[in-house]
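Novice:
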Amino acid sequence: MIKKDKRAWAWVPPLYFAEGLPNVIIASVSVIMYKKLGISNTDITLYTGLLYLPWVLKPIWSPIVDLKSTKRNWFLIMQLLISVMFLAVGLTLPTQMFFVTTLACFWVAAFASATNDIASDGYYMIGLSEKKQSFFVGIRSTFYRLAMVTGSGLIVVFGGYLERIYGDNTKAWSITMIATGALMLLLTIINFFTTPKFESSLAIKTQRPKAFLEVFTSFFKKPNIAVALAFILTYRLGESQLAKVAQLFMLDERTKGGLAISTENVGIIYGVVGLITLSAGGILGGILISRDGLKKWMLPMMLFLNVPNVLYAILAVSKTSNLAFVIGTVAFEQFGYGFGFAAFLMYLIYIAEGQSKTSHYAIATGFMALGAMLPGMISGAVQKWLGYDGFFIWVVISALPAFFLLKFLKYPPEFGKKSAQTDA
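Here the sequence shown is numbered in my numbering, starting from 546 and rising by one per residue.
Set out below in structure tokens:
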């Protein structure tokens, strides 16, 4: 069995890029693709929102990843399956039943992606010492975010470019998804050659986790868990609705209350502006929490996550055509997301502290996914009912429950501080 920390710089970046890319394709790029293929906002948000379900349910099958085979085998097989499913999406888009067939492919890819997350995170923990885990947490987060921006930015730009070249959205997105499948396959091959074999078959047989039921019930016996779960479910209540509808708002025609921005320009805005500001927000958030602890920055980070929602409401009410204001809004939103999510991630790590940390973290992130999935599913119907202006005002209001719950949270003020004992 290979020693820990082997070739970490070679395998951590591509492993986490391959974790982030399918997530953004399934959750975000699919929204734009279906919009350009004529699907209604209500159907888009409902059915793509349901694609979050595997991330909600992943704690149920996470012990299987520990009990069967190696983490490395799991993520390589899952990444290969994701590649095939993206390819299948591209090949079935020109058919009459494209909405059903592509959703089925995305469903398989979503389950594979959630399993890839479990295996990749588990591999990270067994492949690195605690010291190196702390050092590389910023690297893994950066490459995960780069993958997110690659999907919502560069791949969308590519799709928009092909729309303009061919004048046929179906053909454009068919080629785009085939190319995305090829990119995912390339990442799988890279991970095959760069990831060392840290696990032995003997370790898999002898180091089994405790019974899942015991792990699961112990999570719900944690102190103040009801308030903690309510906070986790509401932390992104506003942002998760905005995330589903913001790009639809930019793409929609002005007669429908949208901004009528081209697909290519939307991709450029998120691919360039999003890349810079999202990364800056996430890195700064991690630095500040490491320096001062979570308590000092929880409220400011929550504000940064939600205040940009007000700018979207202004965009919708004013129906401005000022591209600079649109770009500024996206820049603030993406920075706020990266900055605000740092606090959320650190709180999830705190909730998972103690015995069965890995399984409890999976459960906590499952509730996080549920808190994003349910609001996202109904966001299209709410937007249809209220219009874009009313919808973004509603998004601003939706952020308030988490602020109310904040005063009831209990956690060490200096949790996450570099001098404190934490593996975050």
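All C-beta atoms in this analysis are idealised placements derived from N, C-alpha and C, irrespective of residue type, glycine included.
Taking all protein chains shown into account, do 16 or more other C-beta atoms lie within 10 angstroms of the C-beta of residue 556, making it buried, or fewer, making it exposed?
Specialist: On the sequence shown, residue 556 is found 11 positions in, with the first residue counted as 1. Its Cβ being crowded by 16 or more others within 10 Å, residue 556 is buried.
Novice: From what residue to what residue does the alpha helix (DSSP H) around residue 743 run?
Specialist: Against the sequence shown, residue 743 aligns to sequence position 198. Taken as a continuous stretch (DSSP letters only), residue 743 belongs to no alpha helix (DSSP H), as it is neither H nor E.
Novice: Can you check the stretch 833-915 for any alpha helix (DSSP H) of at least 4 residues that lies completely inside it and give the ranges in chain order?
Specialist: DSSP runs (the alpha helix (DSSP H)) wholly in the stretch 833-915: 839-851, 853-863, 868-896.
Novice: Go to residue 792, then tell me how far its alpha helix (DSSP H) extends in each direction, as first and last residue.
Specialist: Working through the sequence shown from its first residue, we reach residue 792 at position 247. Here the alpha helix (DSSP H) through residue 792 covers 782-796.
Novice: Excluding the 5 residues preceding and the 5 following residue 911 in the sequence, name in chain order all residues of the same chain whose CB lies nearer than 8 Å to its CB.
Specialist: Residue numbering aside, residue 911 sits at position 366 when the sequence shown is read from its first letter. Counting only Cβ-Cβ distances below 8 Å, and skipping sequence neighbours, we find 600, 601, 602, 603, 604.
Novice: Using 8 Å as the threshold, is the C-beta distance between residue 647 and residue 629 below it?
Specialist: Numbered from 1 along the sequence shown, position 102 holds the residue referred to as residue 647. Numbered from 1 along the sequence shown, position 84 holds the residue referred to as residue 629. Taking 8 Å as the Cβ cut-off, residue 647 and residue 629 do not qualify as a contacting pair.
Novice: CB-CB under 6 Å to residue 593, same chain, minus the five flanking residues each way: which ones, in chain order?
Specialist: Within the sequence shown, numbered from 1, the residue matching residue 593 stands at position 48. Excluding residues within five positions, the ones whose Cβ falls inside 6 Å are 575, 576.
Novice: Buried or exposed for residue 717, going by 16 or more other Cβ atoms inside 10 Å?
Specialist: The sequence position of residue 717 within the sequence shown is 172, counting from 1. Residue 717 is buried by the Cβ-count criterion.
Novice: According to DSSP, is residue 624 helix, strand or coil?
Specialist: If you number the sequence shown from 1, residue 624 lands on position 79. Residue state, collapsed to three classes: helix.
Novice: Nearest by alpha-carbon distance to residue 923: which of 578, 559, 591 is it?
Specialist: Stepping through the sequence shown from its first residue, residue 923 is reached at position 378. It is 591 whose Cα lies nearest to the Cα of residue 923.
Novice: Please classify residue 615: does DSSP put it in a helix, a strand, or coil?
Specialist: Taking the first residue of the sequence shown as position 1, residue 615 is located at position 70. In this structure, residue 615 counts as coil in the three-state DSSP scheme.
Novice: Is the stretch 657-670 close to the stretch 615-624, with three or more CB pairs under 8 Å?
Specialist: Yes, the stretch 657-670 touches the stretch 615-624.
Novice: Within the continuous alpha helix (DSSP H) that includes residue 709, where are the two ends?
Specialist: Counted from its first residue, the sequence shown places residue 709 at position 164. Unbroken alpha helix (DSSP H) run through residue 709: 701-711.
Novice: Hey, how far is the Cα of residue 824 from the Cα of residue 589?
Specialist: In the sequence shown, counting from the first residue as 1, residue 824 sits at position 279. In the sequence shown, counting from the first residue as 1, residue 589 sits at position 44. Between residue 824 and residue 589, the C-alpha separation is close to 28 Å.
Novice: I'd like the list of long-range same chain contacts for residue 918, defined as Cβ closer than 7 Å, with 5 residues on each side in sequence excluded.
Specialist: For this step, residue 918 is matched to residue 373 along the sequence shown. The residues are 594, 597, 598, 601.
Novice: Just the Cα atoms here: how many angstroms apart are residue 800 and residue 623?
Specialist: Sequence index remark: in the sequence shown, residue 800 carries index 255 (1-based). Sequence index remark: in the sequence shown, residue 623 carries index 78 (1-based). Cα-Cα distance, rounded: 43 Å.
Novice: Taking the beta carbon of residue 863 as the centre, do at least 16 other beta carbons fall within 10 Å, making it buried, or is it exposed?
Specialist: Start at 1 with the first residue of the sequence shown, and residue 863 comes out as number 318. So residue 863 counts as exposed.
Novice: Apart from the five residues on each side of it in sequence, which residues of its chain come closer than 6 Å, Cβ to Cβ, to residue 562?
Specialist: The count along the sequence shown starts at 1 and reaches residue 562 at position 17. So the qualifying residues of the chain are 688, 692.
Novice: Taking 8 Å as the threshold (C-beta atoms), are residue 658 and residue 567 in contact?
Specialist: Within the sequence shown, numbered from 1, the residue matching residue 567 stands at position 22. Within the sequence shown, numbered from 1, the residue matching residue 658 stands at position 113. Result yes, Cβ atoms of residue 567 and residue 658 sit closer than 8 Å.
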